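In full-length UniProt numbering, the protein residues as written are 1 to 71. One structure is given below, encoded as structure tokens.
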């Protein structure tokens, strides 16, 4: 059980990178490198350029995150 609280933010997928990696622009304008959460991979949820997603970031200043939901 993690003692850190992850921050959830919304953004738009800007670019699909090799593997399960994506470049996402947050609503605040920050660019984040993100990977798919395990449940999205297991259920074959496809993420395309332009999709709105919810990310979990370890802290507010992080440049890496995890995509946990596609809107």
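Note that the Cβ used here is the ideal one computed from N, Cα and C, for glycine as well. Note that the coordinates shown come from a computational prediction; the quantities given were computed from them, not determined experimentally.
Quiz item: Which same chain residues, not among the five before or five after residue 33, have their C-beta less than 7 Å away from its C-beta?
Solution: Cβ neighbours of residue 33 beyond the five flanking positions: 21, 23, 63 and 64.
Quiz prompt | Beta-carbon spacing of residue 25, residue 54 below 8 Å | solution = Result no, Cβ atoms of residue 25 and residue 54 do not sit closer than 8 Å.
Quiz item: Is it buried or exposed for residue 11, if we count other Cβ within 10 angstroms and need 16 for buried?
Solution: In this structure residue 11 is buried. Its beta-carbon is surrounded by 16 or more other beta-carbon atoms within 10 angstroms.
Practice problem: Note down, in chain order, each residue of its chain lying with its Cβ closer than 7 Å to the Cβ of residue 37, except the 5 sequence neighbours on either side. | Solution: Excluding sequence neighbours, residue 37 sits near 66, 67 and 68.
Quiz item: With DSSP run on the structure shown, which of helix, strand or coil describes residue 17?
Solution: The answer is coil: DSSP assigns residue 17 none of H, G, I, E or B.
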